[in-house]
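Read left to right, the sequence shown gives residues -11 to 670 (our numbering).
To keep things clear, I will list the structure first and then write my remarks on it.
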Amino acid sequence: MKRFKLALLCASLATAALCGMTACDDSTANDGKHNVTFIYNYADSPASLTYSVEDGGKVEKPQDPTREDYRFKGWYTSVVCTEKFAYDFDNPVNENLRLFAGWSLSNATVTFNLNYEGAANSTASVEVGEKVTRPAQDPVREDYHFDGWYADALGTREFDFNSVISDNTVIYAKWTQTVARVTFVHFDDIIVSSKVEVGQTATRPAQDPEREDYRFVNWYVDKACTQVYDFSAPITADIRIYAGWKLLVATVTLDYNYEGAEAGRIKVNVGSAINKPEDPEREGYNFVGWFIDENGVSAYNFATKVENNISLYAKWELKVFTVTFNANYTGAKSTTAEVKYNQTVEEPAELSRSGYDFAGWYKDSECNNAFDFNTPITADTELFAKWISQNASGECEVKFMLNYGENKLHKQMSVKQGRKIIAPEDPERKGYFFAGWYVEATCENMIDFSRNVYAPESVEYVLYAKWLKGYTFEAEYTYLEGKPGQGSSDNCEGTQLIQTVKDITGNGAQMGMSNGAYVGKLYYNGAFIEFNVTSSEEVFDAAMVLRLTPDLYDMIFTDEEWQVEVNGELLRYGSLSLTGAIATTDVDENGNTISGDLYKRPFENYLMTSALHLKKGNNVIKLITHNIRDHSGTFNAETPLIDCMYLYSNSTLSWTNCYPENLDKTQADVNYDITYDYKKKK
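Following this line, the structure appears as structure tokens:
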């Protein structure tokens, strides 16, 4: 729409000056004066003008405004301008007054709608009160006859080109089909089409179609083949005619019912039963039988005569293996445990034997190969207890090496051979994550100190620390454009989700943000941010640490209520507990009372997993709010504030990020200084 010309605005201002009026806002004037506001009353119109008028005085009528394709009708006291007469400027002004510009169309758009899908419609601009000219050329449509222009899409009222145009108008073309398309549908989308003049009959195909394992029956009107088609009937419109079939040979599909298995197929004459096939095999499972449903509820009866194509589904149950714990000395009794395929066996309580110390479980009776209780059980297994005489006097020097730089010693302890080793406190290394103790410097075989670990019968036992390099991924650099945040009562979206030090009430910079900003207000169900992380290699032992703090309240939530999704799979972290804002009655670490309102807690690091699987190439990691709230109303701040995500890995990581000030996407390797003071999840 065109805006008022500068000359008009100047004239209005000049008029106001001559009348002793001054522009002001729409509030009540002082000293017995009233405000009269002129509102132009259409989208993208110029700003309204407000003047002050003495009580009982008259307001000067401004110059008539202009608007493209519209005629100005006058000034009205209602926004819809429905009064019979416009405002009378001879009336005295006794109160604040708002006057709205009234408009009527001066030019209308007439659309000639060709009235079929994909058609290119045309338009004409007609002065209101004038007639529209009938198009010189009638439109053309393949296989149709043009019947004229109509006032409705159904073609029930012919349009009168002698009538005058009063508003935007649509005129519709009407068509009568002259040539119809007859489509013969054989099966599986195999079709044959031909054209027939309307009123003529379709020709039955000279040869009946053929289909393996079926006999052709007839041509039908409907896909279900319930009504035979009459080839003597005249064609009135496009039609599909369906081939009907009778099954002669049925296919029985054997679905082995697990990922990666290729289905088998058996052909059988309709009305005959099939022989039960040989039982299939699957590693770690016992075959139960064939069922007619995927869930294995209803078993199939192989005496049943097959009348149609059917699918049978294999049912499986995990094999159960026996793990035998052999006490490994004369007269001792063994114990057993039942374990399902590919699951681990629980380590039993330590055995006792007079004059000996128990030194762990081994895979061989000579106790040369220690058993790792993290090993999945895939067959019947026998384990042997190892014993060391209490009369043995040998000491083992256990050394824990840092395994980087000069490979300094972290801790050394003397342990009697065969006695339990107690792991030292985890070492720390700036920018790295400690991933456990290993037997060799190349970190191939981990020592699991969550279970019992015993000193070997040697004078020295050296263990090496494993480290994963750290990468920082800032929440405020994720792609936020168009992402809505809190509910409609105080709505925000996109980069408005980002908060910085200057936005924070309370303790501000004391929140300890890694980069001076964080993302919050993701309160409603489905709200999320995502990190797109590229890994140079596939890894299964990456660690994820999230830097979080609550908004206002204490928070305890599960991995269902606040979800971490990695490549479409939920990360099961159990639950998290976050302490809320500090009350005014709290004291700081020096014993001083904290004054003011609520103080937000500083961000803290939470270890989510140390067994993160990252694919080679792109990985999508989402942090998702999962609750019962939709995007409306007022919310409690019941989701965490997100500062950043730390990933630790031996592969090289990079990510696609968007800087919040311009949302320009860049590809950047990020390797900031990373703190290692993470908290384990509750």
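We put the beta carbon where it would ideally sit given N, CA and C, even for glycine.
| message | Within 10 Å of its beta-carbon, does Leu300 have 16 or more other beta-carbons around it, so buried, or fewer, so exposed? | response | buried
| Taking three-plus beta-carbon pairs below 8 Å as touching, is the stretch 537 to 545 in contact with the stretch 605 to 612? | no
| message | Considering only the alpha carbon of each residue, which of Asp19, Gly45, Tyr64 lies closest to Tyr28? | response | Tyr64
| query | What is the DSSP secondary structure of Gln487, reduced to helix, strand or coil? | reply | strand
| query | Run through DSSP, which three-state label would Asp14 get? | reply | Confidence at Asp14 is low in this model, with a pLDDT of 43, below 50, so its placement is unreliable and no value can be given for it.
| task | Could you please give me the residues that DSSP links to Val450 through a beta bridge? | result | Lys387
| field | Span of the beta strand (DSSP E), counted from its first residue to its last, around Gln551 | value | 550 to 554
| said: If you reduce the DSSP assignment to three classes, tell me which class Lys293 lands in. | reply: coil
| Which residues bound the beta strand (DSSP E) around Asp360? | Segment: none, Asp360 is in no beta strand (DSSP E) and carries neither H nor E.
| query | Hey, how far is the Cα of Thr644 from the Cα of Asn520? | reply | 6 Å
| Would you report the Cα separation of Asp13 and Leu87, rounded to the nearest angstrom? | In this prediction, Asp13 scores a pLDDT of 43, lower than 50, which makes its location untrustworthy; the coordinate-derived value is nonetheless stated afterwards. Cα to Cα, Asp13 sits roughly 14 Å from Leu87.
| CB of Leu242 within 8 Å of CB of Pro265, strictly | yes
| request: With Glu518 as the anchor, note down where its beta strand (DSSP E) starts and where it stops. | output: 516 to 523
| said: Just to check my reading of the structure: Ile280 and Tyr273 have Cβ atoms closer than 8 Å, yes? What is that Cβ distance to the nearest angstrom? | reply: Not confirmed; about 20 Å, so no contact.
| query | When the distance is taken between beta carbons, is Glu282 closer than 8 Å to Asn245? | reply | yes
| field | Within 8 Å, strictly: CB atoms of Leu611 and Ile630 | value | yes
| request: Determine the direct distance from the alpha carbon of Ile179 to that of Tyr459, and round the result to whole angstroms. | output: 58 Å
| query | Quick one: what's got a C-beta closer than 6 Å to Ile227's C-beta in the same chain, skipping five residues either side? | reply | Val170
| message | Suppose you measure from the CA of Pro127 to the CA of Phe134; what does that come to, to the nearest Å? | response | 7 Å
| task | Could you tell me whether the stretch 30 to 39 touches the stretch 92 to 99, where touching means 3 or more Cβ pairs closer than 8 Å? | result | no
| Own chain, CB closer than 7 Å to Asn156, minus 5 neighbours either side, in chain order | Ala96, Thr97
| Close beta carbons around Lys396, own chain, < 8 Å, minus the five adjacent residues each side | Met389, Leu390
| query | Between the C-alpha atoms of Ala463 and Trp550, what's the straight-line distance to the nearest angstrom? | reply | 16 Å
| field | DSSP bridge partner residues for His22 (one or two, in chain order) | value | Val41
| task | Can you check the stretch 153 to 208 for any beta strand (DSSP E) of at least 3 residues that lies completely inside it and give the ranges in chain order? | result | 157 to 165, 167 to 175, 178 to 185, 202 to 208
| said: Is it buried or exposed, Gln215, if we count other Cβ atoms within 10 angstroms and call 16 or more buried? | reply: exposed
| task | Assign Asn316 to buried or exposed, taking buried as 16 or more other Cβ atoms, counted over all protein chains shown, within 10 Å of its Cβ. | result | buried
| request: Please report the Cβ distance between Gly690 and Ile376, rounded to the nearest whole angstrom; I am assuming they are in contact, meaning their Cβ atoms lie under 8 Å. | output: The structure shown does not extend to residue 690, since the chain is modelled only from -11 through 670, so no value can be given for it.
| task | Measure how close the beta-carbons of Val256 and Val240 come, nearest whole angstrom, since I'm counting them as under 8 Å. | result | 6 Å
| query | Whose C-alpha, out of Pro268, Val450, Leu235, Trp278, is nearest the C-alpha of Lys260? | reply | For the record, residue 260 in the displayed sequence is Ser; it is not Lys. When only C-alpha atoms are compared, the closest one is Leu235.
| said: With the cut-off set at 8 Å, would you say Gly44 and Asn79 are in Cβ contact? | reply: no
| Close-in-space but distant-in-sequence residues of the same chain around Ser353 (CB under 7 Å, 5 per side omitted) | Asn316, Phe372
| message | Rounded to whole angstroms, what is the Cα-Cα separation between Ile486 and Asp539? | response | 13 Å
| message | So, under 8 Å CB-CB, Val311 and Ala325 are touching, yes? Tell me the CB distance rounded to an integer number of Å. | response | 5 Å
| query | In or out: Thr10 buried (at least 16 other Cβ within 10 Å) or exposed? | reply | In this predicted model, Thr10 has a pLDDT of only 39, less than 50, meaning its place in the structure is not dependable enough to derive any value.
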